[in-house]
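Colleague: After the structure tokens below, expect a handful of questions from me.
There are 6 protein chains.
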Amino acid sequence: MFYYDGKLQYPVRVETPDPRFARLLQQAIGGVEGEIRVTLQYLFQAFGARGPKKYRDMLLATGTEEIGHVEMLATAVALNLQGSPASVQEEVAQSNPIVGAVMGGDPRQYLSAGLAALASDANGVPFSGSHVYASGNLAADMYANVTAEATGRVLACRLFTLTDDPGMKDMLRFLIARDTMHQQQWLAVIEELGGHQGTLPIPNSFPVEEELREVSYTYFAPGTQGTEPPQGRWTQGPSLDGLGQFKLEPARPFGEEPVLGPPDPLAFAEIQQMMGAGGQGTRPGATSSDD
Amino acid sequence: MFYYDGKLQYPVRVETPDPRFARLLQQAIGGVEGEIRVTLQYLFQAFGARGPKKYRDMLLATGTEEIGHVEMLATAVALNLQGSPASVQEEVAQSNPIVGAVMGGDPRQYLSAGLAALASDANGVPFSGSHVYASGNLAADMYANVTAEATGRVLACRLFTLTDDPGMKDMLRFLIARDTMHQQQWLAVIEELGGHQGTLPIPNSFPVEEELREVSYTYFAPGTQGTEPPQGRWTQGPSLDGLGQFKLEPARPFGEEPVLGPPDPLAFAEIQQMMGAGGQGTRPGATSSDD
Amino acid sequence: MFYYDGKLQYPVRVETPDPRFARLLQQAIGGVEGEIRVTLQYLFQAFGARGPKKYRDMLLATGTEEIGHVEMLATAVALNLQGSPASVQEEVAQSNPIVGAVMGGDPRQYLSAGLAALASDANGVPFSGSHVYASGNLAADMYANVTAEATGRVLACRLFTLTDDPGMKDMLRFLIARDTMHQQQWLAVIEELGGHQGTLPIPNSFPVEEELREVSYTYFAPGTQGTEPPQGRWTQGPSLDGLGQFKLEPARPFGEEPVLGPPDPLAFAEIQQMMGAGGQGTRPGATSSDD
Amino acid sequence: MFYYDGKLQYPVRVETPDPRFARLLQQAIGGVEGEIRVTLQYLFQAFGARGPKKYRDMLLATGTEEIGHVEMLATAVALNLQGSPASVQEEVAQSNPIVGAVMGGDPRQYLSAGLAALASDANGVPFSGSHVYASGNLAADMYANVTAEATGRVLACRLFTLTDDPGMKDMLRFLIARDTMHQQQWLAVIEELGGHQGTLPIPNSFPVEEELREVSYTYFAPGTQGTEPPQGRWTQGPSLDGLGQFKLEPARPFGEEPVLGPPDPLAFAEIQQMMGAGGQGTRPGATSSDD
Amino acid sequence: MFYYDGKLQYPVRVETPDPRFARLLQQAIGGVEGEIRVTLQYLFQAFGARGPKKYRDMLLATGTEEIGHVEMLATAVALNLQGSPASVQEEVAQSNPIVGAVMGGDPRQYLSAGLAALASDANGVPFSGSHVYASGNLAADMYANVTAEATGRVLACRLFTLTDDPGMKDMLRFLIARDTMHQQQWLAVIEELGGHQGTLPIPNSFPVEEELREVSYTYFAPGTQGTEPPQGRWTQGPSLDGLGQFKLEPARPFGEEPVLGPPDPLAFAEIQQMMGAGGQGTRPGATSSDD
Amino acid sequence: MFYYDGKLQYPVRVETPDPRFARLLQQAIGGVEGEIRVTLQYLFQAFGARGPKKYRDMLLATGTEEIGHVEMLATAVALNLQGSPASVQEEVAQSNPIVGAVMGGDPRQYLSAGLAALASDANGVPFSGSHVYASGNLAADMYANVTAEATGRVLACRLFTLTDDPGMKDMLRFLIARDTMHQQQWLAVIEELGGHQGTLPIPNSFPVEEELREVSYTYFAPGTQGTEPPQGRWTQGPSLDGLGQFKLEPARPFGEEPVLGPPDPLAFAEIQQMMGAGGQGTRPGATSSDD
């Protein structure tokens, strides 16, 4: 169960409203790297957590923190869409938030939300729940969370370069730091689980002897003849799970051309497909004089 | 540029067609953990790769391999939807692939595709390009790729439990092994880049002094009074990037309640919102006798 | 800012796990009538609230309560997917939650979530942020909220008929009652604002003299000749806002056939469209002997 | 069955084409508050109407009117994208509709539609059928319709502020007036059904004694200690359905922490999750020396 | 402007309700081959039609007819979800439409629509406006329409095999015949425009000398060495537009490996990407002892 | 199985980077007329091909070529987002690709991809797998492919008008020519199958006597009285399949008003709907004094 106090986790100030920045902030709210996504991802991982209780608690806690990040960013959007201070009032077209929201900003922040944030990304694409990764496998989920925080921090750093507003920069400094912590946090779980050797291959609960071990540590290079295969740590040395040795092989088919059965009459292919010939159809009445 | 030879990377055999399994295989084709996703993800990372050329090549190579996995799985779907062998012909309702595709299977495999695969997941939800992660940051992308291969291998292992068909099990053994290799491969790049200390925090190119260092390694516990904070590697010891020390703090607001400006008249809120009072409106003609 | 205590708002018990019911519960989680939607809808309305502070607070409070409903329902899904009690162990195929999740249930609850809930609806369609209505107009938003709670309560009542499990029925009784309260709550705001006369037409801040008053209270009946127009409260008596009188008129065009300009050459229509004739094209070399 | 006469319901004139306005009009065509949505919503409510025939007829009639609104708006888009009159010909970049559609307008109106309207919103997001609410419960549907017309009228008023074109303003005056009528119309049905007491709680056909009456009229305030609960009509006085009394209570959990069963081995969690411990895994060969 | 008469274009009868068939009919309503799509596609093509008026009229007329097909199919869904006749009353579980809608049918037809149709496909995926093709080029649109009617007729034929109900078969016979007519109709426009030679290449208004004529009629075969190129009408003989000769060539790159510039510092790649080397990063403090 | 050589099918050069053009190119990558779509469409048609092998091979070959077109266009996007040459360095705001990507370009090319391409269209809408048409009927699929190449060529021609960059124009000349070839190629298959008479009506494998022949070649004109029916090739002469004669008839209903059964009590309509009356409800306790 959840509670609120109506305060912001960190202050949100906007000195010079900028509707274009209000659009960009949407990516951090409803984008694939955004805060709605991590909120729901961590909460759903918690709600479905089986196994050690402490991971459920940790996910619940950080998911709860993230709701407050959505709150901060949505507040930042609303403040960026407000009337600008008197000192810039002259540049009318630019300073009027409505004009700004329409020209270069996200017009739906005005048209649909009345100068406030939407649950969508910087291009107005609505948030999709398909990005809520909660696989039931703790290691897979931790890597999904690292990914979310890594792309989220990259996004926040890029946003940082696009504003000169001291308030916005201050808010982003806080969010960037939290992304740092959250990257650490999910990787710390991997460490607790024994690192690469304790977790790989994910899932580590599937008996490895059931997989086709011959190709488990082989880098296949499907370049055509004359195409140099890229080499690196992944083509030599022990595998990271300590269970094999990397090797490099040109890719080649182990299988043959697939042969599907003929079309099922009830699937209503064209008659010519059913005859197994590619030439003229023999359908009664059909002639080749047409076309 | 790309080439084909029409053969399958690994043999795909189906001894006893099962339209229900044909539906489940869709998750591995068009699902968020599926092969269309990794194909496009690795190829788009390659197409936009800046920096050391060998990573572009590696991504291109593995992206190319993944197209062949889509081919294998789509072939497996088509074979699972074909007429069943004589030996099971008696169980008509079950063995007729069309009935099967409609009852318990994916009806669109028949209705829309004529007993073949679709570019969608096990619930018929179309593949979405929003899942193609290619951030331009190599470490973030590698973690995104590990996530894709970890959830992909978990999926393949679960599919493995849902079929008794020797051909399908054989195909999955191959795909599970390739997922093992690909998990290794992306983590090997992280190792090449210097592991945690060489890559964290992601992006490592943003000056860390610009972030709010006070909260970069602090685990905030937003539990209400009496709620025990979850402790672990993430609440103590050196941070994984070697740049700080984990600590634990109860979450509390650094900010105050946000104060937004009044509604802009041109945003057409209700009059009562503009008056700044929650009571009866003073709109001419309005009375409270209604409702 | 938000907090949690890890407890459920109301107990969630499942006596006889039922994977098919686990699928149906998804509609109440990620469907258009579901709890993710109301959580985000009320929170976004709060985050963008301008005007009387008490409405922001109320929205924040109820949005926070709704997160706990997502938690309850996701927990209910996880419990419905667990191994069934010994007493029904015989009916293996039915009682095994994995088989159940695949046959008649949502296969992705197993394939993608490892026997847990997803952020999608009963057909596996992901939650979409486009359903988060927060228009910036209080009355419009209150009606959107009544709609959400009305369709949500209808859904909960229907779910109630589809389970015999005492624990599930108990949980639904609670959720149905909360939907009752929330319907009341949003309508109470309308009453506070002066009811129909205080709020209509929405937005009440647009000068009514700017609209085409002749058609503001006219029911247009576009039935063809001989089609009886439907009559009711909407065709006679005073309008609900007290500003007009309903009347009934057959629909007829006030306008003429639209005339668009010719195709812009740079838009690359077919040549024949540009010539303004529908017959044979005069394109050099074109003949009508084809086809 | 449906008919057409090729004329517009109301004249659509554009004196000064404006591709940016052509983009904004898309919200009224394919947006969540737009005319495709109400067309389909009213028609689907009619197609599935059970009960008094007059409501089916009314829905059919108004749904039919709305198709004509799509026609008007699509025509307005096409006219806004045409070559501008000579008087503004100088400002080439601005007046060329193709340039305009690309810069500040919706580029797909040119790229995909050849200077015409699309079935999408002002950000190019395609219309989604998920917004077609037709619940089978008349009161719920009427509130959904009020919402559609309230947000639709808010949108039209906002569009009205964004154009100086007399033709566009004239068209919007008509559409705003029709939204006024349609708000009235759906609320008139609620009045016919007996108003709040005749319809609430929705659905009114579920036996109220089956819900948990203790919480049906209770406003839960989940603020943390020290957070003032918002008070209003919803915390005191008789409930609007005449069946209870509002009261205010601090939110607190009725339930305990949920306890899910251990991971099912076939769901392939990590081994460490199955051991019920969060420490080092005991998987053969795993050591903690890694990472 | 549009009108209705409340009658069905063709009778819709259901003798034995079948909720599973009600699910399948959704594909013909809201699927990519369905009637909502053709309704909107033809209407949007009409609304944006530039050039000969008769094509606008024809599109308007047929689009109007298609709304009536949505009406027929939605009615068919509602009738298939109603209580079954007494004669089959014994088979309770099967004959109860609610049970049927949940088991093997579309649960949302009950949960969200109260036993009626939805604006979605047979898997519950909502209709998407992105399928409304209206390119502004008449020939391209006619082929899009042929495709819609061809896939639509294939779908209707497949549905025909999945029902034994005389009423449903009768309705489908009508719809299949209309699809026949509509295929003819769009191809008749192509014929009017001069057939292949009058319309190809589409658009025929782009000067062909601007394209790279050397590859305009060349079939590229990108098979690897030893892969037989598929031959047919497309590898020999005059091209269908009468402007060239088909020929066959092995595919080979005309270009070289692309060389992108280094990462922009403000895009925050990893430092190692910016150094142009794939080895260990030189970031201060980073060591390779990790991982 | 697939292979690559890392080279581009045709050279991609950008002399003057233009972030706005980088946005427009997205339509050709991830739009409905774009290259991801044709790649997957042709490959899925190949993977599910039943009948003459040569069509599978041809589809496989051309699908493989299309992957290379995605590669070319993604490369073009990346090059358009790079730092501009010194000669234009003065116009800072315009020439800085990051500013450009944000203002008038696609901000996510910077925010989410670090100055590279996305798997989405020119408005940032992600590619959707629902556009992958592979019906299992060869003729239907060929028309779907002609549509894809016709709208694709129209798009490429429009893009051609929006750039002055010699490199971009050169690349588009190549792509436009390939679209010419591919239009030819799919129509050549239709010719091989016997043209209109060999393929129509699609599917030609459904017995035509099962359709309602009376309406198979009738153009229905649903114009209201006084609305002139559009006449053309589709209202007279022999049908294109040689099986009938076109004729023109005013549209009129063959059916009556549909009568649905009363609401099922378990679907929880409002009580008033179940009573079959539209007036005041008789629900115990309800009065009409409200509202």
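Protein chains in written order, with this note's numbering: chain U, 1 to 291; chain H, 1001 to 1291; chain P, 2001 to 2291; chain L, 3001 to 3291; chain C, 4001 to 4291; chain G, 5001 to 5291. Positions of the beta carbon are idealized from the N, C-alpha and C atoms, including for glycine. All values derive from a computational prediction rather than experimental measurement.
In the DSSP assignment, find the alpha helix (DSSP H) that holds H:K1053 and state where it starts and stops.
Modeller: Residue mapping note: residue 1053 of chain H aligns to position 53 of the second sequence, counting from 1. Unbroken alpha helix (DSSP H) run through H:K1053: 1053-1080.
Colleague: Residue range of the beta strand (DSSP E) that G:E5035 falls in?
Modeller: As a position in the sixth sequence, residue 5035 of chain G is number 35, starting the count at 1. G:E5035 -> not in any beta strand (DSSP E); alpha helix (DSSP H) instead, spanning 5035-5047.
Colleague: Give the residues from the stretch 4203-4226 of chain C that approach chain P closer than 7 Å (Cβ to any Cβ), ordered along the chain.
Modeller: Within the stretch 4203-4226 of chain C, the qualifying residues are P4203, N4204, S4205, F4206.
Colleague: Excluding the five sequence neighbours on either side, which residues of its own chain have a C-beta within less than 6 Å of the C-beta of U:K7, listed in chain order?
Modeller: Along the first sequence, read from residue 1 onward, the residue named residue 7 of chain U stands at position 7. Contacts found: none.
Colleague: Should P:Q1995 and U:M1 be called a contact, given that it needs their Cβ atoms to be closer than 7 Å?
Modeller: Outside the shown range of chain P, which is 2001 to 2291, sits residue 1995 of chain P, and nothing can be said about it.
Colleague: In whole angstroms, what separates the C-alpha of L:M3274 from that of L:P3265?
Modeller: Along the fourth sequence, read from residue 1 onward, the residue named residue 3274 of chain L stands at position 274. Along the fourth sequence, read from residue 1 onward, the residue named residue 3265 of chain L stands at position 265. L:M3274 and L:P3265: Cα-Cα distance of roughly 8 Å.
Colleague: Return the CA-CA distance between U:E214 and U:H196, expressed in angstroms with no decimal places.
Modeller: The residue you call residue 214 of chain U lines up with position 214 of the first sequence. The residue you call residue 196 of chain U lines up with position 196 of the first sequence. About 20 Å.
Colleague: Measuring CA to CA, which of G:T5039, G:D5005, G:Y5055 is closest to C:W4234?
Modeller: Numbered from its first residue, the fifth sequence carries residue 4234 of chain C at position 234. Answer by Cα proximity: G:Y5055.
Colleague: Does DSSP put H:F1220 in a helix, a strand or coil?
Modeller: Translated into the one-based positions of the second sequence, residue 1220 of chain H becomes position 220. It is a strand residue.
Colleague: Which one or two residues does DSSP pair with U:K247 in a beta bridge?
Modeller: Against the first sequence, residue 247 of chain U aligns to sequence position 247. The partner list for U:K247 (beta bridge, DSSP) reads U:T218.
Colleague: Taking all protein chains shown into account, decide if L:G3226 is buried (16 or more other Cβ within 10 angstroms of its Cβ) or exposed.
Modeller: Here residue 3226 of chain L refers to the residue found at position 226 of the fourth sequence. Classification of L:G3226: exposed, given that the 10 Å Cβ count is below 16.
Colleague: Rounded to a whole number of angstroms, what is the C-alpha to C-alpha distance between L:P3201 and P:Q2183?
Modeller: On the fourth sequence, position 201 is the one that residue 3201 of chain L refers to. On the third sequence, position 183 is the one that residue 2183 of chain P refers to. Spanning the two alpha carbons is a distance of roughly 7 Å.
Colleague: Can you say whether P:E2292 is buried or exposed, counting buried as having 16 or more other CB atoms within 10 angstroms of its CB?
Modeller: Outside the modelled stretch of chain P, which goes from 2001 to 2291, sits residue 2292 of chain P, for which no answer is possible.
Colleague: Using the beta-carbon of each residue, which ones in chain C are nearer than 9 Å to P:Q2027?
Modeller: Taking the first residue of the third sequence as position 1, residue 2027 of chain P is located at position 27. Result: P4107, R4108, L4111, S4112.
Colleague: H:P1238 bridges to which residues according to DSSP?
Modeller: The residue you call residue 1238 of chain H lines up with position 238 of the second sequence. In DSSP, H:P1238 forms a bridge with H:Q1245.
Colleague: Is it buried or exposed, L:R3252, if we count other Cβ atoms within 10 angstroms and call 16 or more buried?
Modeller: On the fourth sequence, residue 3252 of chain L is found 252 positions in, with the first residue counted as 1. That one is exposed.
Colleague: Can you tell me the Cβ-Cβ gap for P:T2075 and L:P3258, rounded? I've got them flagged as a contact below 8 Å.
Modeller: Taking the first residue of the third sequence as 1, we reach residue 2075 of chain P at position 75. Taking the first residue of the fourth sequence as 1, we reach residue 3258 of chain L at position 258. Their Cβ separation, rounded to whole angstroms, is 4 Å, which keeps P:T2075 and L:P3258 in contact under 8 Å.
Colleague: Give the straight-line distance between the Cα atoms of P:H2131 and H:A1140, rounded to the nearest whole angstrom.
Modeller: For the purposes of this step, residue 2131 of chain P is taken as the residue at position 131 of the third sequence. For the purposes of this step, residue 1140 of chain H is taken as the residue at position 140 of the second sequence. Using only the alpha carbons, I get a separation of about 31 Å.
Colleague: CA-CA distance, L:E3033 and L:L3159?
Modeller: For this step, residue 3033 of chain L is matched to residue 33 along the fourth sequence. For this step, residue 3159 of chain L is matched to residue 159 along the fourth sequence. Distance between the alpha carbons of L:E3033 and L:L3159: 12 Å.
Colleague: Rounding to the nearest angstrom, what Cα-Cα distance links L:G3242 and C:L4081 in this structure?
Modeller: Along the fourth sequence, read from residue 1 onward, the residue named residue 3242 of chain L stands at position 242. Along the fifth sequence, read from residue 1 onward, the residue named residue 4081 of chain C stands at position 81. Answer to the nearest angstrom: the Cα atoms are 35 Å apart.
Colleague: From the DSSP secondary-structure annotation, give me the bridge partner or partners of U:S128.
Modeller: Within the first sequence, residue 128 of chain U is the residue found at index 128, counting from 1. According to DSSP, U:S128 bridges with P:S2128.
Colleague: Quick check on the burial criterion: 16 or more other C-beta atoms within 10 angstroms. Buried or exposed for U:P263?
Modeller: Mapped onto the first sequence, residue 263 of chain U falls at position 263. Result: buried.
Colleague: When you compare only the Cα positions, how much space is there between P:Y2042 and L:E3191?
Modeller: On the third sequence, residue 2042 of chain P is found 42 positions in, with the first residue counted as 1. On the fourth sequence, residue 3191 of chain L is found 191 positions in, with the first residue counted as 1. Roughly 27 Å separates the two Cα atoms.
Colleague: Assuming the contact rule is C-beta atoms closer than 8 Å, U:D5 and L:T3224 should be a hit. Round their C-beta distance to whole Å, please.
Modeller: In the first sequence, counting from the first residue as 1, residue 5 of chain U sits at position 5. In the fourth sequence, counting from the first residue as 1, residue 3224 of chain L sits at position 224. Contact holds; Cβ gap of about 5 Å.
Colleague: Can you say whether L:E3256 is buried or exposed, counting buried as having 16 or more other CB atoms within 10 angstroms of its CB?
Modeller: Position 256 of the fourth sequence, counted from the first residue, corresponds to residue 3256 of chain L. The residue in question, L:E3256, is exposed, as its Cβ has fewer than 16 Cβ neighbours within 10 Å.
Colleague: Let me know the secondary structure DSSP gives P:F2174 once reduced to three states.
Modeller: For the purposes of this step, residue 2174 of chain P is taken as residue 174 along the third sequence, with counting starting at 1. In the structure shown, P:F2174 sits in a helix (DSSP, three-state: H, G or I).
Colleague: Would you mind sorting P:Q2026 into buried or exposed? The rule is 16 or more other CB atoms within 10 Å of its CB.
Modeller: Translated into positions along the third sequence, residue 2026 of chain P becomes position 26. P:Q2026 comes out buried.
Colleague: Pick helix, strand or coil for C:F4021, following the three-state DSSP scheme.
Modeller: Within the fifth sequence, the letter at position 21 stands for residue 4021 of chain C. Three-state result, C:F4021: helix.
Colleague: Using the beta-carbon count (16 or more within 10 Å), is G:P5284 buried or exposed?
Modeller: Numbered from 1 along the sixth sequence, position 284 holds the residue referred to as residue 5284 of chain G. Because G:P5284 carries a pLDDT of 41, less than 50, the predicted location of this residue cannot be relied on, and the following value inherits that uncertainty. Looking at its Cβ environment, which holds fewer than 16 other Cβ atoms inside 10 Å, G:P5284 is exposed.
Colleague: Determine whether the beta carbon atoms of H:Y1110 and H:A1122 lie at a separation below 7 Å.
Modeller: For this step, residue 1110 of chain H is matched to residue 110 along the second sequence. For this step, residue 1122 of chain H is matched to residue 122 along the second sequence. No.
Colleague: Could you pull the start and end residues of the beta strand (DSSP E) that U:Y133 belongs to?
Modeller: Working through the first sequence from its first residue, we reach residue 133 of chain U at position 133. Run containing U:Y133: none; DSSP gives neither H nor E here.
Colleague: Residues of the stretch 2158-2172 of chain P in Cβ contact with chain G at a cutoff of 7 Å, in chain order, please.
Modeller: Those residues of the stretch 2158-2172 of chain P that come within reach of chain G (Cβ to Cβ, closer than 7 Å) are R2158, T2161.
Colleague: Have a look at L:I3176 and P:P2207 and give me their C-alpha separation to the nearest angstrom.
Modeller: Your numbering for residue 3176 of chain L matches position 176 in the fourth sequence. Your numbering for residue 2207 of chain P matches position 207 in the third sequence. Distance between the alpha carbons of L:I3176 and P:P2207: 11 Å.
Colleague: Are the C-beta of C:I4190 and some C-beta of chain H separated by less than 7 Å?
Modeller: As a working mapping, residue 4190 of chain C is identified with position 190 in the fifth sequence. No, its Cβ sits nowhere closer than 7 Å to a Cβ of chain H.
Colleague: What's the gap between the Cα of G:L5024 and the Cα of G:G5031?
Modeller: The residue you call residue 5024 of chain G lines up with position 24 of the sixth sequence. The residue you call residue 5031 of chain G lines up with position 31 of the sixth sequence. Spanning the two alpha carbons is a distance of roughly 10 Å.
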